[in-house]
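Novice: Reading the sequence shown from the start, the letters are residues -22 to -1, 1 to 299 in mature numbering (1 follows the signal peptide of the UniProt record, and there is no 0). C-beta: ideal position from N, C-alpha, C; glycine also. Encoded as C-alpha cells, here's the structure I'll be asking about.
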Amino acid sequence: MLPKRITSLIFAVGLACPLLVACGSDTPDTTGENGELRTVNTLRGEIDVPVDPQNVVAVDWQLPPVLVDLGITPVGIYGGYYEEDAAAARAVPHRYVEELADATRIGNWDAVDVEKISTLEPDLIVTTGVGLDDAQIDKLADIAPLAHFSSDDDMESQRQLADIVNRSEEFSDLRDDFDGKAAEIAERHRRVLADSRWVSVSGSQENTWFAEGGQTATGSLLNAVGAGFSDVVDPEGWWGDPLSMENLENLGDATVILYPADSIGDAAENTRPLLDNSRFRSLPAVTKGNLFGFTQGGASNIGWAIDALDEIDDILSRVNT
C-alpha cells in the first residue's frame, strides 16, 4: 500500500512563512535565469535555490499538479499518474494531463531514475522523500539544489513548496479561492448541513470496510463546508482500522454515506461487496437515498480541491432530509 498521502489533502494550516535572504551554501551551483538565489529551510537544513527556477524536477507523485497550480510546469515527473488513462481513472482534471504531457518521466516512487534526472539539468529538485532512501536523497542532492520537505501534512507540503519556488502569493490566492467557495457552499446548504452526519466508506479484498478520517481529501472537503461526521469517523485521522461486515451498525447514525467512485461513478471492485451487503443496504442513509459515489477523493492539491467542491455542492443539493 502506498503512503497515506496518496489519498489526502489537509486544509488545517496557516499560510505564514518567512522569506529568508540568500546566503552561502554547499548545494550545487545552479541558479535561475537571472542568477539570483534565495535561502529556504528544508529537512536537510538551509539551502540556496533559484529565485525564479526554470527546470524543476518533482521527485514525488503529488507535487507535479501543485507546481502547475503555482504556474510552473516541471521538466521531470514520475510516470503512471498523469498520463491520459491513469489520470482519467482517478478523475484528475484534464488540465493537469495537458500541462504535464511533455514532462520527462523519471521512473516511479519505488524506482527513481537518478541518471535520467541528471540529464534534465535541473536547477531545482523538489521532493517529500516518500519512497526514497538516504542514498537516493544524497544522489539527488549531488545533481542540483534539493528541497526535501515533510509529507506529513498535504496542505503544509504545498505551502512549503510554494515558498521554495517563490510562489507564496499564488498559493495564498488559491487558498483564498478555496475558502471563499467552501463558505458559499456552506451557506447555500446550511440547513442540510445542520441536520446531517457524513461518512465516506471503502471496502477491501478481505471482506472488511474502512471509514475515511477527517484528514483525507474527502474528509477535508467535508470539513471545509462544515459537514458533521458520523461517530465512526476519526476527525483527526486518515483511515480507520478495518471493520468487519458484522460492524455495519456503526454506520447507523450516518445520514449521508459516500464511497470512492471512478470518473463515471462506478465503485471500485473491492468496495462493491460492501455496497451489495444486505446489512449495508438496510442502513438508514441508504434506504433514504443518501448513498453517493464520490469521484474526487484524490483531490490532493488545492487547485483540484477547488474543482472538487463542485461535486460536494451537487451532492448536497441531492441529499434527502
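#1: Quick check: the Cα distance between ASN201 and ALA66, rounded to an integer number of angstroms?
#2: Looking at the structure shown, is GLY281 part of a helix, part of a strand, or coil, going by DSSP?
#3: So for SER135, helix, strand or coil by DSSP?
#4: Between the Cα of SER198 and those of GLU165, ASP254, GLY23 and TRP216, spot the shortest distance and give me the residue it belongs to.
#5: Nearest to THR105 by alpha carbon, out of GLU76, ARG175, VAL34 and GLN183?
#6: What would DSSP say about TYR56, mapped onto helix, strand or coil?
#7: I need the DSSP call for PHE127, collapsed to helix, strand or coil.
#8: Measure from the alpha carbon of ASP155 to the alpha carbon of each residue in ILE293, GLU24 and ILE280, then state which is nearest.
#9: Grab the span of the beta strand (DSSP E) containing ASP26 for me, first residue to last.
#10: Restricting to Cα atoms, I'd like to know which of GLY192, ASP132, GLU165 and THR186 is closest to GLU214.
#11: How about TYR237 and VAL143: are their beta carbons less than 7 Å apart?
#12: Could you compute how far the alpha carbon of ASP288 sits from the alpha carbon of VAL203?
#13: Specify whether the segment 41 to 56 and the segment 69 to 76 touch according to this definition: at least 3 beta carbon pairs, one from each stretch, less than 8 Å apart.
#14: If you follow the beta strand (DSSP E) that SER208 is part of, which residue opens it and which one closes it?
#15: Along the alpha helix (DSSP H) that carries GLY271, what are the first and last residues, could you check?
#16: Based on Cα-Cα distance, which residue from LEU221, GLY267, GLY58 and ARG259 lies nearest to ARG296?
Specialist: Based on what the coordinates show:
#1: Within the sequence shown, the letter at position 223 stands for residue 201. Within the sequence shown, the letter at position 88 stands for residue 66. Spanning the two alpha carbons is a distance of roughly 26 Å.
#2: Walking along the sequence shown from the start, residue 281 turns up at place 303. Three-state DSSP puts GLY281 in a helix.
#3: As a working note, residue 135 is residue 157 in the sequence shown. SER135 falls in the helix class under three-state DSSP.
#4: To locate residue 198, count along the sequence shown from 1; it is residue 220. For SER198, the nearest C-alpha among the options comes from TRP216.
#5: Against the sequence shown, residue 105 aligns to sequence position 127. Nearest C-alpha to THR105: VAL34.
#6: Position 78 of the sequence shown, counted from the start, is the residue given in the question as residue 56. Three-state DSSP puts TYR56 in coil, outside helix and strand.
#7: Translated into positions along the sequence shown, residue 127 becomes position 149. Of the three classes helix, strand and coil, the one that applies to PHE127 here is coil, per DSSP.
#8: Numbered from its first residue, the sequence shown carries residue 155 at position 177. The residue among ILE293, GLU24 and ILE280 with its C-alpha nearest the C-alpha of ASP155 is ILE280.
#9: Indexing the sequence shown from 1 puts residue 26 at position 48. Note, ASP26: beta strand (DSSP E), 23 to 28.
#10: For the purposes of this step, residue 214 is identified with residue 236 of the sequence shown, where counting begins at 1. Among GLY192, ASP132, GLU165 and THR186, the Cα nearest to that of GLU214 belongs to GLY192.
#11: Position 259 of the sequence shown, counting from 1, holds the residue named residue 237. Position 165 of the sequence shown, counting from 1, holds the residue named residue 143. Against a cut-off of 7 Å, the Cβ pair of VAL143 and TYR237 comes out as no contact.
#12: Along the sequence shown, read from residue 1 onward, the residue named residue 288 stands at position 310. Along the sequence shown, read from residue 1 onward, the residue named residue 203 stands at position 225. Answer to the nearest angstrom: the Cα atoms are 11 Å apart.
#13: yes
#14: Reading the sequence shown from its first residue, position 230 is the one you call residue 208. DSSP places SER208 in no beta strand (DSSP E); its state is neither H nor E.
#15: Within the sequence shown, numbered from 1, the residue matching residue 271 stands at position 293. Run containing GLY271: none in the alpha helix (DSSP H); it sits in the beta strand (DSSP E), 269 to 272.
#16: On the sequence shown, position 318 is the one that residue 296 refers to. Out of LEU221, GLY267, GLY58 and ARG259, GLY267 has the C-alpha closest to the C-alpha of ARG296.
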